[in-house]
Amino acid sequence: MPPTGFKHAQAIFVGSVIFVILAIGFISLLGRTARQAPAIDTRAKAGVSATLKLSGVVTSVDDTKGVILVDQLQFMNAEGGKTLGTWTVTPPPGFNLASVGRGTRVTLTVNPTTFLATSHTFTATQIKAER
2 MPPTGFKHAQ AIFVGSVIFV ILAIGFISLL GRTARQAPAI DTRAKAGVSA
52 TLKLSGVVTS VDDTKGVILV DQLQFMNAEG GKTLGTWTVT PPPGFNLASV
102 GRGTRVTLTV NPTTFLATSH TFTATQIKAE R
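The sequence shown runs 2 to 132 under the numbering used here.
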């Protein structure tokens, strides 16, 4: 028959091994949960389509290239009235270029991914002539 101290030491050893296994499992579970959370957030953000609202004055319409030149472009909610200059706008599919002419003030809805500041170009998702 083994001494009593041996049983006590054996119980502590088995308890420690069980504790280590539980700790590894818990840490693994936490790590898996932490890795999944950003992926869900990224998909949720990707589904949200932000748009920009701009206004400006048409300076010319190029029928051959299918673009509109807009001057005095500025953000609709911008305070202070600072303009962004002249920009080349690609209208949305099916837009009638004859519906806007030189001097027409327009409101433009833009997908930010097409807004290229280096080349002063963007593609409009909607163009409304102001009356």
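All residues carry an ideal CB built from backbone N, CA and C; glycine is no exception.
Query - Among L31, T119, V68, T84, nearest to L55 - alpha-carbon criterion - result: Counting from 1 along the sequence shown, the entry for residue 55 is found at position 54. Closest option to L55, Cα to Cα, is T84.
Report task. Kindly indicate which three-state DSSP category T115 falls into: helix, strand or coil? Result -> Locating residue 115 in the sequence shown gives position 114, counting from the first residue. Reduced to three states, the DSSP call for T115 is helix.
Query - Limits of the beta strand (DSSP E) - the one that D63 falls within - result: Position 62 of the sequence shown, counted from the first residue, corresponds to residue 63. D63 -> beta strand (DSSP E) spans 53 to 63.
Report task. List the DSSP bridge partners of L31. Result -> For the purposes of this step, residue 31 is taken as residue 30 along the sequence shown, with counting starting at 1. Beta-bridge pairing links L31 to no other residue.
Report task. Look at V62 and G102 and say whether their C-beta atoms are less than 8 Å apart. Result -> Within the sequence shown, the letter at position 61 stands for residue 62. Within the sequence shown, the letter at position 101 stands for residue 102. Cβ distance < 8 Å, so V62 and G102 count as in contact.
Report task. Could you pull out every residue in the same chain whose Cβ sits closer than 7 Å to the Cβ of F96, ignoring the five residues on either side in sequence? Result -> Against the sequence shown, residue 96 aligns to sequence position 95. Cβ within range, chain order: I128.
Query raised in the report: Beta carbon of W88, beta carbon of L74: below 8 Å?
Result: Reading the sequence shown from its first residue, position 87 is the one you call residue 88. Reading the sequence shown from its first residue, position 73 is the one you call residue 74. Contact flag set, yes.
Report task. Report the three-state DSSP secondary structure of K8 (helix, strand or coil). Result -> Locating residue 8 in the sequence shown gives position 7, where the first residue counts as 1. Correct three-state label for K8: helix.
Query raised in the report: Roughly how many angstroms lie between the CA atoms of G86 and M77, to the nearest whole one?
Result: Along the sequence shown, one-based indexing puts residue 86 at 85. Along the sequence shown, one-based indexing puts residue 77 at 76. Between G86 and M77, the C-alpha separation is close to 14 Å.
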